Structure formats: structure tokens, C-alpha cells
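Since the structure comes first, as C-alpha cells, the remarks are kept for the end.
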Amino acid sequence: MKKAAILVSGILALGFVSAAQANPVPKPSRDYAGNYKTLVEDQKATPQVARCVASGYDLASGGHDYDRLGFTEQDIAAAKISGTNVSVSGQGRKKSDGITWVDITVQCTENADKLTAIEIVTGRP
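Going letter by letter, the sequence shown gives residues -22 to -1, 1 to 103 in mature numbering (1 follows the signal peptide of the UniProt record, and there is no 0).
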């Protein structure tokens, strides 16, 4: 019984640590509306994916790790939506050198069609 309690506690702690790593959603920049519109109209993104990616652009512009994000039409089409979670893979340019592009995934959580958390993680799922 103790082993089960320890296991459950460990799983819950891991879940809380993972959730704590997500960032609050940045305030929409002056570019947000244009980015959202381009994603929906030109790249045929769903509203959930467009909100996530447009907010990812805003997060990157004010962040410390990346200064630019890039997503192809294939990246947008392959985005995963599972319940309240949205995950979109693409590439991010490292702010440290301004040259190196790495695979990234923007992960968002929504509630009632509004983003509640966002994070940019290195790599693709």
C-alpha cells in the first residue's frame, strides 16, 4: 500500500512540475491580429492552432531563448489538438547567436476558447 501511495505522489508531483513550467500567456502584441489572420486565411489553421502559434510568436519576441519562430504549412496541418491542449511543432532561432535554428514545439492550454498557458519546448514530440 505504501508503494502505491509513493507512486501516486510521485506522479502527481511530476504533473505539478510539468504544469509549473508553462508560461502565462503574453499580452497580444500589435502583430498578433495580423499573425492570427494569416494563419487562419493563408495557412488554413484552426482557430485553436492560430491562437497558439500567434501567442507563441509573442512569447518568443519577449523571451530569452528564441528570437524567431517558423512554421510550415505542413507543421500547421500536423498540429495536434487533444481536449484543451494544442501542440504545434516548428523551428525556433536561438537568440544567443541569431543563426542556429532548432526544432521546437509550442504547447498551449485553452479554456473556453482562451489560452491559459503556453510554453516553447526544444524538440518535436
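Glycine is no exception: its CB is placed at the ideal position from the N, C-alpha and C atoms.
Given the structure is predicted, the values throughout are model-derived calculations rather than measurements.
Cα separation between Thr94 and Tyr35? Stepping through the sequence shown from its first residue, residue 94 is reached at position 116. Stepping through the sequence shown from its first residue, residue 35 is reached at position 57. Straight-line Cα distance between these residues: approximately 16 Å.
Given 8 Å, three or more beta-carbon pairs between the stretch 56 to 64 and the stretch 72 to 79: As far as the Cβ criterion goes, the stretch 56 to 64 does not touch the stretch 72 to 79, which means the pair count is below three.
Suppose the cutoff is 8 Å on Cβ atoms and the five residues either side in sequence are ignored; what does the same chain contact list for Ile54 look like? The residue labelled residue 54 in the question sits at position 76 within the sequence shown. If we look at Ile54 and ignore the five residues flanking it on each side, its Cβ neighbours are Leu17, Gln21, Lys22, Ala23, Val27, Val31 and Val66.
By Cβ distance below 8 Å, which residues in the same chain neighbour Tyr44 in space, the five residues on each side in sequence not counted? Here residue 44 is taken as the residue at index 66 of the sequence shown, counted from 1. Excluding sequence neighbours, Tyr44 sits near Ala38, Gly70, Arg71, Lys72, Lys73, Ile82 and Ile98.
In angstroms, rounded to a whole number, what distance separates the CA positions of Pro25 and Gly101? Within the sequence shown, numbered from 1, the residue matching residue 25 stands at position 47. Within the sequence shown, numbered from 1, the residue matching residue 101 stands at position 123. Each residue's CA atom was taken as its position, placing Pro25 and Gly101 some 24 Å apart.
Burial state of Gln52, where buried means 16 or more other Cβ atoms lie within 10 Å: On the sequence shown, residue 52 is found 74 positions in, with the first residue counted as 1. The residue in question, Gln52, is exposed, as its Cβ has fewer than 16 Cβ neighbours within 10 Å.
Cβ atoms of Pro4 and Gly40: under 8 Å apart, would you say? Here residue 40 is taken as the residue at index 62 of the sequence shown, counted from 1. Here residue 4 is taken as the residue at index 26 of the sequence shown, counted from 1. By the CB criterion at 8 Å, Gly40 and Pro4 fall inside the cutoff.
Does DSSP put Leu(-11) in a helix, in a strand, or in coil? Mapped onto the sequence shown, residue -11 falls at position 12. With a pLDDT of 38 at Leu(-11), under the threshold of 50, the modelled position of this residue cannot be trusted, and the question is left open.
Ile96 classed as buried or exposed, judged by whether at least 16 other C-beta atoms fall within 10 angstroms: Position 118 of the sequence shown holds residue 96. Counting the other Cβ atoms within 10 Å of the Cβ of Ile96 gives 16 or more, which makes it buried.
Less than 6 Å between C-beta atoms, sequence neighbours within five positions excluded: which residues of the same chain meet that for Cys86? Residue numbering aside, residue 86 sits at position 108 when the sequence shown is read from its first letter. Result list for Cys86: Cys30, Val64, Leu93 and Ile96, in chain order.
Note down, one range per segment and in chain order, each beta strand (DSSP E) of at least 3 residues found wholly within the stretch 21 to 100. With a minimum length of 3 residues, the continuous beta strand (DSSP E) runs that stay inside the stretch 21 to 100 are 44 to 48, 58 to 60, 63 to 72, 79 to 89 and 92 to 100.
Count the other CB atoms within 10 Å of the CB of Asn89; is the residue buried (16 or more) or exposed (fewer)? For this step, residue 89 is matched to residue 111 along the sequence shown. Asn89 sits exposed, since fewer than 16 C-beta atoms from the chains shown fall within 10 Å of its C-beta.
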